[in-house]
Amino acid sequence: MPAPADASTLAHLAIDWYDRHARDLPWRSPATTAWGVLVSEVMSQQTPVGRVAPIWLEWMERWPSPADLAAEPVAEAIRAWGRLGYPRRAMRLHACATTLVRDHEGQPPRSVPELLALPGVGAYTARAVAAFAYGQREPVVDTNVRRFVARAAAGRADAGAATTPADLAATVALLPEQPSRAARASAAFMEIGALVCTARAPVCGRCPVAARCRWRASGQALPVGPTRKVQRYAGTDRQVRGLLLAVLRDATGPVTGDQLAPVWSDDVQRDRALTSLLDDGLARQVAPGVYALAGD
Ligand code: SF4
């Protein structure tokens, strides 16, 4: 029977594994700025890191500081977002850059409350920047970390419903006292949750904390439940929005409704998708029946 979990042991085992097995993602370079960390976290929230990496590199080359991004129209941010999906994130990053220039001397602030006050920055992103950019002892809790902590430390098969205060408390209890090691432990927990302690098929045989994992020690099987539905994309309004946005993004000037029509034959759905782009501020009507990217 494996020994029960011990907070500091879990973190040390996780860090040791992370030092040898972490993926080589471009924003993990020691040279990455706080702004680079912030951008990487926003991009990675709803998009796989493999798709994020080339776009992040382009952004950092073009806009190495918030001031560089804030100096350009928001349309350029939407354009450079490419096909990462959920493009409102590009608008929020542009708004964030503008706020950083106006209120924070052009750099992300260090404290979680100040980070939380920035446009588009929530509980996860604020703590990720505090930990990964500034080496602070802050619990960084995403879905993968919640699951890892629930299994390894609490012996539960899954984390249940998200409750931010409880999730933060459970995770911070596992962090080493030394801030820089705590930040590394946070990165390690995320990586183990993403690569090893996955939702449906945890690879306990390759897990660095297997000998200290409470859930593994309990001998419980994964609950057999409905597998998570893969979200349909084809035929959804989201797909139509993406197609319309691609036309606006690639155009050198405003486009007419007739130019948008070929992307989707269902007039009602196309109009609905266009209206939602206008409502979200991603596109604007420059004249009756003529459209452009926001800020173009
Ligand atoms: Fe997850 Fe298995 Fe590792 Fe426990 S031993 S943390 S269940 S992968």
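Residue numbers (full-length UniProt numbering): 1 to 296. Every residue gets a Cβ at the ideal spot worked out from N, C-alpha and C, and that includes glycine. Being a predicted model, the structure only gives us computed values, none of them experimental.
Counted within 10 angstroms of its Cβ, other Cβ atoms place residue i as buried (16 or more) or exposed
i, result
"Val268", "exposed"
"Ser180", "exposed"
"Arg249", "buried"
"Thr252", "exposed"
"Tyr291", "buried"
"Ala71", "exposed"
"Ala185", "buried"
"Arg146", "buried"
"Leu274", "buried"
"Ala234", "exposed"
"residue 362", "With the chain covering 1 to 296 only, the question about residue 362 has no answer from this structure."
"Arg270", "buried"
Three-state secondary structure assigned by DSSP to residue i
i, result
"Ser210", "Ser is not the amino acid found at residue 210; the sequence shown has Ala there. Correct three-state label for Ala210: helix."
"Thr256", "strand"
"Leu293", "strand"
"Glu72", "coil"
"Thr99", "helix"
"residue 298", "As displayed, the chain neither begins before 1 nor continues past 296, which places residue 298 out of reach and without an answer."
"Leu10", "helix"
"Asp266", "coil"
"Arg92", "helix"
"Glu114", "helix"
"His104", "coil"
"Asp279", "helix"
"Gly219", "coil"
"Tyr25", "The identity of residue 25 in the sequence shown is Leu, whereas the question assumes Tyr. In this structure, Leu25 counts as coil in the three-state DSSP scheme."
Counterpart residues of residue i in DSSP-defined beta bridges
i, result
"Gln285", "Tyr291"
Residues of its chain near residue i, where Cβ-Cβ distance is below 7 Å and the 5 sequence neighbours each way are ignored
i, result
"Pro277", "The amino acid occupying residue 277 in the given sequence is Leu; Pro does not appear at that position. Arg241, Leu244, Leu245 and Ala283."
Cutoff 6 Å; reference residue i; Cβ partners in own chain excluding five residues on either side
i, result
"Gln46", "Tyr86"
"Ala67", "Val101 and Gly106"
"Ala207", "In the sequence as presented, Ala is not what sits at residue 207; that position holds Cys. Taken in chain order, the residues that qualify are Val196."
"Cys204", "Ala210 and Arg216"
"Pro254", "Val286, Val290 and Ala292"
Contact set for residue i: own chain, Cβ-Cβ below 8 Å, skip 5 residues either direction
i, result
"Pro2", "Confidence at Pro2 is low in this model, with a pLDDT of 46, below 50, so its placement is unreliable and no value can be given for it."
"Pro4", "For Pro4, the predicted model reports a pLDDT of 45, less than 50, meaning its position is unreliable and no value from the coordinates is stated."
Any non-hydrogen atom of ligand 2 closer than 7 Å to residue i Cβ
i, result
"Phe148", "This structure does not include ligand 2; its bound ligands are ligand 1."
Can you list the alpha helix (DSSP H) stretches of 4 or more residues lying completely in the region 120 to 201, in chain order? 123 to 128, 143 to 152, 164 to 172 and 179 to 195
Which ranges does the alpha helix (DSSP H) cover as unbroken runs of at least 4 residues, wholly within the region 37 to 88, from first to last along the chain? 49 to 62, 66 to 70 and 74 to 81
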